[in-house]
Amino acid sequence: MRRVLIPVLVPTLALVLALAALTGLAFATNPGSTVTKARLERALPAVFAHVYVQEQRLAGRTGLTVADLDPVAMCDRGGPSVADTGPGSDWVCLMSWQDPEVPMPTEGYGKFELTVRSNDCFTASSPSKLVGYATMTDASGKTVTNPAYEFDGCFDPDTSNTPTGHTFPSLLSLTSTTAQVDASGHPQVQLGCGTGSDGCAGTLTATVATADGSTGRSLGSVPFDLAEEQVKTVTLPGRLRAGDSQVVVTLSTTTGVGSSSPATLAVQGATG
Amino acid sequence: MSAAVRFELRKLAAQWRVRALLLAALLGPIPVALVMSAQANPPKDTLFGRFALDNGFALALMLLGFLGQWVLPLLTSVVAGDSFASEDQHGTWKTVLTRSTSRNRLFWAKVLVNLGLTTLVLVVLAASTIASALLVEGAPALTGLTGQLIAPGHALWLVAAAWLSVLPPLLGFTCLALLMSVWTRSSAAAIAVPVVLALAMQMLGSVGTLEPVRPFLLTTAFESWHGLLTDPRFTGPLLEGFVVSAAWAAVCLAGASFILHRRDITGG
Amino acid sequence: MTTTPSPRPDGSPPAAVEAVGLVKTYGSVRAVDGVSLRVEPGEVYGMLGPNGAGKTTFLRMLFGLIRPDSGTVRVFGRSWAESGVGVLEGVAGFIEAPRFYPYLTGRQNLEALALLDGGASRGRVEEVLGTVDLADRAHLKVGGYSYGMKQRLGVAASLLRDPRLLVLDEPANGLDPGGIRDMRALVKRLASGGLTVLLSSHHMDEVEEICDNVTIMARGAVAFHGSLPDLRALAPEPGHLLRTTDDVAAERLALARPDLRVGRDGDTLRVAGQRAATTGLVADLVAAGVGLLELTPTQTPLEELFFMLTDPAGTAPTGGAAA
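Protein chains in written order, with the numbering used here: chain A, 409 to 680; chain B, 224 to 491; chain C, 917 to 1239.
The structure is reproduced here in structure tokens:
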């Protein structure tokens, strides 16, 4: 048995060792990942422009061209604490483009989620609000696959890695649908700050909702400062009284974008 | 030299495994294309997989991406891995080396013949895969890797070029199989080790944290055709893959030649 | 690659094989331990020794299959260091059992091997197949050949090279009696054609029949070196086993002859002496009216010598019927 095994084992082990040595060497001279923020910010718009125009053609629009669309993107991997480099499924890109028939929402961009692989290729899924769903109806009424809903692309690892300089503000939103009352009677709401260049900052103001829609008793205002992709609970200085069933929350942002129209939230929990 | 090459060719031509390999390369893609086109959901996790059910070009490219993982290394090591080890198995080293044929000449004859056969197998496999994919699924315009639409006439050339671009790393695996064949003197080991190594390299290369190793792996070059399908085209990875494959081949052949020249032929 | 064989100082052609101080060790085993020998062109040279004596290792070094630790071997004046594989020009033969590609037919094997020699005509392949009596089996795959057929194909493959030196390692090994007879006849025929033959064997009688000079090897070293007459001079007197109608009378008659040594092998009477003495005893027996039932030679003298030379403890059997 030994006579049979040794001639096979020795070369195999030697190969494994060689591969391990190669790995060590590679790490010692690590040139850094080819998957970077700047390269994705160039590659994604290039691919998207093509597949979006394809989608519109299928739908019967012939006038739109890749050049007209002029998409611009900003990419980020895994929030502020993760370096924006390397393959992973936690890449997010914000992208805006010019289509007169489909205007951008107030924040000015759509959010794309990317899975980027180490082979410099990626799969992107588009925001349905702006691009539509997995299937679509073509000009002749047939149901077809929407080419822009989810798409693959690859980029040249040797292309420029200089920053594109494109930035988009974070999108601030109320992530709680109710106002939670804490032990001492203060209402609490939750804020979320999306991917963006500088996070979200501003002031939150709240009042007690009234039946006739007039401005109710003030619950005070609180400043907030969130990093991108952060969720935070904000506690208002005023207290709720028995019978207060809803609060009206208004956000004003100095950094980031968010809806400035008041939102009404139901009160949940015991009120003093 | 040419005598030794003709000698090796004559032996290869008489072996069932060589005929079976060529036959598999020729006929294998037909059932694969038929089965793929009958799938309900496209295999989106492989590049071009999302179009693979209704576009022959995409199917041919998806299969190329999939085959690189282990089928191509297997195809080449089935014969190359047997090349030197079978002389041990049949005890025929002494038969050939007592006939005024130097080890050097015999070594290079085997190398040349195996590189040639691997090239032939790849060409047959590529032609058969592309033809069956196009016959089964048709040849509409292909969506490239920049989202651009590629006209069928142009797509055919690009797909063929993509298939041929895996030749350098494939020949690298041939040399690896030849090295194992000389070193282990066992056909089974010399066929299995390159295939296992291909899978291991594929895995190493896909782990995000091991990215620095990627450029040195033979399997990375199996994916260098991606640049042909983008707009604008890029060829940096193709060149890099060529250099890396050549380096692997050179190291393997140097090792194999060294071992063969030093060894005592005692068996048989 | 070809180098002109350097003639010896006296102008005569170089030796067919000249080994000087060849050593090959495997671990602590000295498989070949300082062997020197010389085979002159045109002679039939025997290399004799029991299995494991180092004959095959020596022949492998001659063919360049293994590298000696020290010492040199020259073939027709060429050495591996100077001429590389050119050493094997004009040399053919096989080592241990000849091996072929089992998936090729006998004829295809020869045709393929002929490619390595620079090609041989179709007619030549048929000719050597005929020489070894394989013409009618040449279309069968070698995988199905018997041991003897492979052995004969090995000779055919060697002849294909039109060698000046033919090296045969135990050519009769594993053959049935008929095969052995045919093989010996074949070697004799080839040798009579002027070919230099280096024959290894562990059968004394095989060598005795056809060789001019012999080297007897034991445990890697040379135990005897010289011509067959020299070897015979060393041999003990031939022995015979006797069975008669009256063993007592026979023993008395044998003991009466001073030129015979007499002993007993179990129940059987054994006498040893020159041929004349033995025939004299037979005449004595006939004259005395003792009926001779059986007169069997014990091992041939050379065989006995062979055992003595190669068996250090001297425990070689001295009795028993010869095969």
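Virtual Cβ for every residue (Gly too), placed ideally from N, Cα, C. None of the values given here were measured: they were computed from a predicted structure.
Buried versus exposed, by CB contacts within 10 Å (16 or more), A:Val639: Within the first sequence, the letter at position 231 stands for residue 639 of chain A. So A:Val639 ends up on the exposed side.
What are the uninterrupted segments assigned as alpha helix (DSSP H) that are 4 or more residues long and contained completely in the segment 328-401 of chain B, given in chain order? As far as the segment 328-401 of chain B is concerned, its whole alpha helix (DSSP H) runs of at least 4 residues are 375-387.
Residue from B:Leu452, B:Ala227, B:Arg408, B:Arg242 with nearest C-alpha to A:Pro415: Numbered from 1 along the first sequence, position 7 holds the residue referred to as residue 415 of chain A. Comparing Cα positions, the closest option is B:Arg408.
Alpha carbon of A:Ala434 to alpha carbon of C:Ala1073, nearest angstrom: The sequence position of residue 434 of chain A within the first sequence is 26, counting from 1. The sequence position of residue 1073 of chain C within the third sequence is 157, counting from 1. A:Ala434 and C:Ala1073: Cα-Cα distance of roughly 53 Å.
C:Arg1097 versus C:Ala1030 - alpha carbon distance: Position 181 of the third sequence holds residue 1097 of chain C. Position 114 of the third sequence holds residue 1030 of chain C. For C:Arg1097 and C:Ala1030, the distance between alpha carbons rounds to 28 Å.
Neighbourhood of C:Gly1141 by C-beta, 6 Å cutoff - its chain only, sequence neighbours within 5 removed: Counting from 1 along the third sequence, the entry for residue 1141 of chain C is found at position 225. Strictly speaking, residue 1141 of chain C in this sequence is His, with Gly absent from that position. Closer than 6 Å at the Cβ level, and outside the excluded window around C:His1141, lie Thr1131.
Please state the DSSP three-state secondary structure of C:Tyr1019. The count along the third sequence starts at 1 and reaches residue 1019 of chain C at position 103. Looking at C:Tyr1019 - three-state DSSP - the assignment turns out to be coil, as it is neither helix nor strand.
Check the Cβ-Cβ distances between C:Pro1087 and every residue of chain B, and say whether any is below 9 Å. Residue 1087 of chain C sits at position 171 when you count from the first residue of the third sequence. False, the Cβ-Cβ gap to chain B never drops below 9 Å.
In chain order, which continuous runs of the alpha helix (DSSP H) of length 4 or greater are located wholly inside the segment 1027-1087 of chain C? Correct list: 1038-1047, 1063-1075.
What would DSSP say about C:Pro966, mapped onto helix, strand or coil? The count along the third sequence starts at 1 and reaches residue 966 of chain C at position 50. If DSSP states are grouped into helix, strand and coil, C:Pro966 belongs with coil.
Just to confirm the assignment: which complete alpha helix (DSSP H) runs, minimum length 4, are found wholly within the segment 939-998 of chain C? Within the segment 939-998 of chain C, complete alpha helix (DSSP H) segments of at least 4 residues are found at 971-978, given in chain order.
Please report the straight-line C-alpha distance between C:Gly1235 and C:Pro1152, rounded to a whole angstrom. Against the third sequence, residue 1235 of chain C aligns to sequence position 319. Against the third sequence, residue 1152 of chain C aligns to sequence position 236. Legend: pLDDT at C:Gly1235 = 36, less than 50; position of this residue unreliable, value from coordinates given subsequently. Their Cα atoms are separated by approximately 13 Å.
Residues of chain C with a CB under 7 Å from the CB of B:Val301: which are they? One-based indexing of the second sequence puts residue 301 of chain B at position 78. Those do not exist, as B:Val301 stays about 15 Å from chain C at its closest Cβ, beyond 7 Å.
Contact criterion: CB-CB distance below 9 Å. Does B:Asp305 meet it with respect to chain C? Position 82 of the second sequence holds residue 305 of chain B. Not closer than 9 Å to any Cβ of chain C, the Cβ of B:Asp305 fails to qualify, so no.
Listing by chain order, which chain B residues have their CB less than 9 Å from the CB of A:Ala591? Counting from 1 along the first sequence, the entry for residue 591 of chain A is found at position 183. Against chain B, the beta carbon of A:Ala591 has no neighbour under 9 Å; the closest one sits roughly 44 Å away.
Could you please give me the residues that DSSP links to B:Ser300 through a beta bridge? Stepping through the second sequence from its first residue, residue 300 of chain B is reached at position 77. Paired residue(s): none; B:Ser300 is not in a bridge.
Hey, which unbroken runs of the beta strand (DSSP E) at 3 residues or more fall wholly within the segment 445-528 of chain A? 480-485, 496-504, 518-524
Short Cβ contact (9 Å threshold) for B:Phe445 with B:Leu295: Walking along the second sequence from the start, residue 445 of chain B turns up at place 222. Walking along the second sequence from the start, residue 295 of chain B turns up at place 72. Cβ atoms of B:Phe445 and B:Leu295: closer than 9 Å.
A:Glu636 by DSSP, collapsed to three states: which one? If you number the first sequence from 1, residue 636 of chain A lands on position 228. Coil, per DSSP.
Short Cβ contact (9 Å threshold) for C:Ala969 with C:Met1120: Stepping through the third sequence from its first residue, residue 969 of chain C is reached at position 53. Stepping through the third sequence from its first residue, residue 1120 of chain C is reached at position 204. Cβ distance not < 9 Å, so C:Ala969 and C:Met1120 don't count as in contact.
Taking C-beta pairs closer than 8 Å, name the residues in chain A that B:Leu372 reaches, listed in chain order. Within the second sequence, numbered from 1, the residue matching residue 372 of chain B stands at position 149. Those are His458, Gln462, listed as they occur along chain A.
Could one say the Cβ of B:Met537 lies closer than 9 Å to chain A's Cβ atoms, at least one of them? The shown model of chain B, from 224 to 491, leaves out residue 537 of chain B, and the question about it has no answer.
Under 7 Å from the C-beta of A:Cys608: neighbouring residues of chain B: Here residue 608 of chain A corresponds to residue number 200 of the first sequence, with the count starting at 1. Chain B residues near A:Cys608: none, gap ~29 Å exceeds 7 Å.
Would you call the CB atoms of B:Trp239 and C:Tyr1017 closer than 9 Å? The sequence position of residue 239 of chain B within the second sequence is 16, counting from 1. The sequence position of residue 1017 of chain C within the third sequence is 101, counting from 1. Not in contact: B:Trp239 and C:Tyr1017 (Cβ atoms no closer than 9 Å).
What number of angstroms, rounded off, separates the C-alpha of B:Thr321 from the C-alpha of C:Ala935? Numbered from 1 along the second sequence, position 98 holds the residue referred to as residue 321 of chain B. Numbered from 1 along the third sequence, position 19 holds the residue referred to as residue 935 of chain C. For B:Thr321 and C:Ala935, the distance between alpha carbons rounds to 18 Å.
Residues of chain A with CB closer than 9 Å to the CB of B:Leu368, please, in chain order. As a position in the second sequence, residue 368 of chain B is number 145, starting the count at 1. Ordered by position in chain A, the residues that pass the 9 Å Cβ test against B:Leu368 are Val455, Cys529, Asp560, Gly561, Cys562, Phe563.
So if DSSP puts A:Asp560 in a beta bridge, which residue, or which two residues, is it bridged to? Taking the first sequence and counting its residues from 1, the one referred to as residue 560 of chain A is at position 152. A:Thr531.
Simplified DSSP assignment, three categories, for C:Asp1121: As a working note, residue 1121 of chain C is residue 205 in the third sequence. Reduced to three states, the DSSP call for C:Asp1121 is helix.
May I ask you to verify whether the segment 939-950 of chain C touches the segment 971-980 of chain C, counting CB pairs closer than 8 Å and requiring at least 3? yes
Hey, B:Leu340 and B:Leu270: beta-carbon distance below 9 Å or not? The residue you call residue 340 of chain B lines up with position 117 of the second sequence. The residue you call residue 270 of chain B lines up with position 47 of the second sequence. No, the Cβ-Cβ distance between B:Leu340 and B:Leu270 is not below 9 Å.
contact_flag[the segment 289-309 of chain B, the segment 385-404 of chain B] where n(CB pairs < 8 Å) is 3 or more: For the pair of segments examined, the segment 289-309 of chain B was found to touch the segment 385-404 of chain B: the number of CB pairs separated by less than 8 Å reaches three.
Is the Cβ of A:Ser504 closer than 9 Å to any Cβ of chain B? Working through the first sequence from its first residue, we reach residue 504 of chain A at position 96. So, not an interface residue.
I'd like to know if C:Gly1034 contacts chain B, where contact means its C-beta is closer than 9 Å to some C-beta of that chain. Walking along the third sequence from the start, residue 1034 of chain C turns up at place 118. Under the Cβ distance rule, C:Gly1034 counts among the residues neighbouring chain B, one pair being separated by less than 9 Å.
Terminal residues of the continuous alpha helix (DSSP H) containing C:Leu1102? Working through the third sequence from its first residue, we reach residue 1102 of chain C at position 186. First-last of the alpha helix (DSSP H) with C:Leu1102: 1093-1108.
Confirm, please, whether the CB-CB distance from B:Pro375 to B:Asp277 is below 9 Å. For the purposes of this step, residue 277 of chain B is taken as the residue at position 54 of the second sequence. For the purposes of this step, residue 375 of chain B is taken as the residue at position 152 of the second sequence. Contact: no.
Assign A:Ser581 to one of two classes, buried (16 or more other C-beta atoms within 10 Å of its C-beta) or exposed (fewer than that). Position 173 of the first sequence holds residue 581 of chain A. By the Cβ-count criterion, A:Ser581 is buried, with 16 or more other Cβ atoms from all chains shown falling within 10 Å of its own Cβ.
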